[in-house]
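A short write-up of the structure that comes next.
Residue numbers (the working numbering): 45 to 469.
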């Protein structure tokens, strides 16, 4: 019998930490290799972590809601056979408290560098019970104090009282600040009876950090064109029933807009660019990020090489990516590599909005709601299906001239769409 350590996996490029959002197992559970054991949330993606071993869960090393760096141990599994990964032989764990023996072995070999690092759960519990953390002997990794240590002290009703030793506060304050502190207000928000405090998730932290960075670094400008989408509406409505029956998913207006925008980006590569300090990089690939909202967060999966795809192919990819986002199955590599963002704000009934650029891209285009209203056509009043296209641009990279020409081209393509010149397949 051997003891194996399951470590926090790297769930994507540039991902350095993950938060245990939920454990799917508990100590004593028997798992097979590749069984899901925990849900982990990063600033890019939510994912289930599969077990690397078959065996029995001996210990969960992290609390739900606790954030660990990639490579830190999240749980310990007792297996029938060993591996080359760091292990501790079961024969060494003799005694009445094998779990404590495991901890002691780890502590002895890894020093005390983690002793002064406290998880949010430990800090909260110590504050609620007035516990001086410097008086607690941690049993976690490298002497780290765990929630279990504090619960044990509380049960013993022999709480070391908090003393006025500034060293505790100093140690806590010297820890790396979580990202949320970089984005939160410095003021104090009063909380009254009946108010609901919602913890900031990893995804929400990432959204906040990216939006703040974009607003702080990018000088946004904004422009809008009004488009007569009557021909598009007529064409799409003539196809949607048969298409849904044949393909199994909807032929949405959004797919036509993405196609028109991708084609226009190919003609105006300046818009498909990024600011890189002393240079501007025009991206060769046209990868369209699309905004997909869930009840609690916003994701931007990417339709790669959108200019090379048919309207049917774009519609299928929109459906698949949106389903993955809403079921929590989207992968981090499916949200990377975007060069331009299109946001379907019209799906919420919006008719005008100003998007914040998805950093480091140079622009974002909002497709608003298609609404029928009277307009002047050939000096006569006519009822037409109208839609606003709103473009936010990085004024370091783009100017009004090229953006105006780009939007005019998108408008021209949309207004000219018909059965004769716009194939679906």
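Glycine residues also receive a C-beta, built at the ideal position from the N, C-alpha and C atoms. Given the structure is predicted, the values throughout are model-derived calculations rather than measurements.
Locate the alpha helix (DSSP H) running through residue 281, then write down its first and last residues.
-> 274-291
Can you find at least 3 beta carbon pairs, one from the region 337-344 and one from the region 306-321, that sit closer than 8 Å?
-> no
Sequence-distant residues of the same chain with beta carbon closer than 7 Å to residue 67, five excluded per side | 82, 104 and 108
Use the C-beta contact count for residue 403: other C-beta atoms within 10 angstroms, 16 or more gives buried, fewer gives exposed.
-> buried
Quick one: complete beta strand (DSSP E) runs, 3+ long, within the region 299-364?
-> 317-319, 324-326 and 332-334
Option in 386, 64, 350 and 180 with minimal Cα separation from residue 310 = 350
Could you tell me which of 98, 238, 72 and 455 sits nearest to residue 303, measuring between CA atoms?
-> 455
Less than 7 Å separating the beta-carbons of residue 399 and residue 387?
-> yes
Would you identify the three-state DSSP class for residue 255, choosing helix, strand or coil?
-> helix
Comparing alpha-carbon positions, which option in 426, 71, 366 and 106 lies nearest residue 416?
-> 426
Cβ distance (whole Å) where residue 438 is taken to contact residue 468 below 8 Å = In fact, because the Cβ distance is near 34 Å, the residues do not count as touching under 8 Å.
Express the C-alpha separation of residue 65 and residue 45 in angstroms, rounding to a whole number.
-> 30 Å
Using the Cα positions of residue 48 and residue 258, report the straight-line distance between them to the nearest angstrom.
-> 43 Å
Same chain, Cβ closer than 8 Å to residue 476, neighbours up to 5 away in sequence not counted | Nothing in the structure corresponds to residue 476, since the chain is present only between 45 and 469.
Near residue 299, which residues of its chain fall below 7 Å by C-beta distance, leaving aside the five closest residues on each side in sequence?
-> 355, 358, 359 and 362
Would you verify that the beta carbon of residue 287 is, or is not, closer than 7 Å to some beta carbon of chain B?
-> In the displayed structure, chain B is absent; only one protein chain is listed.
Looking at residue 447 and residue 410, is the spacing between their C-beta atoms short of 7 Å?
-> no
Compare the C-alpha of residue 262 against each of 291, 407 and 381 and name the closest.
-> 407
Please list the segments of the beta strand (DSSP E) lying wholly inside the region 356-442, counting only runs of 3 or more residues, in order along the chain.
-> 384-387, 407-411, 415-421 and 424-438
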